[in-house]
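First comes the structure, then the notes that go with it.
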Amino acid sequence: MKLAISPCPNDTYIFHRMITASSDYEPVYLDIQELNENARHGAFELTKLSCFAYLKLKDQYTMLDAGGALGRGCGPLL
Numbered sequence: 027m028k029l030a031i032s033p034c035p036n037d038t039y040i041f042h043r044m045i046t047a048s049s050d051y052e053p054v055y056l057d058i059q060e061l062n063e064n065a066r067h068g069a070f071e072l073t074k075l076s077c078f079a080y081l082k083l084k085d086q087y088t089m090l091d092a093g094g095a096l097g098r099g100c101g102p103l104l
């Protein structure tokens with residue numbers, strides 16, 4: 027199963043065990059825009075999404091109990 031995440035340190039740390047302890051997961055590293063675009067087309071069973079993309083796609087995806095991250099002062103400014 028392909029696991030689509032970004033190459034940022036938060037993601038690689040959070041999902042390191044899943045990727046290295048099991049051959050069930052094949053990592054795919056993309057930036058958040060590419061992850062969001064691929065999610066709209068259902069490209070991956072497991073994927074990182076931005077919060078906004080998740081709200082638009084929540085009928086297609088289930089949020090994991092762990093692995094989320096929010097930051098202050100990062101992301102688009104409105």
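First residue of the sequence shown: 27, per this note's numbering; consecutive thereafter. Don't be surprised by glycine CBs; every beta carbon is placed ideally from N, CA and C.
K28 carries a strand assignment under DSSP once its states are collapsed to helix, strand and coil.
DSSP places P35 outside any beta strand (DSSP E); the residue lies instead in the alpha helix (DSSP H), whose first and last residues are P35 to A47. In this structure, L29 sits near F41, with a CB-CB distance shorter than 8 Å. Scanning its chain for C-beta atoms nearer than 7 Å, with the 5 sequence neighbours on each side dropped, one finds around S76 the residues I58 and N62, in chain order. Restricting attention to P33, Y39 and C34, the CA atom closest to the CA of A92 is found in Y39.
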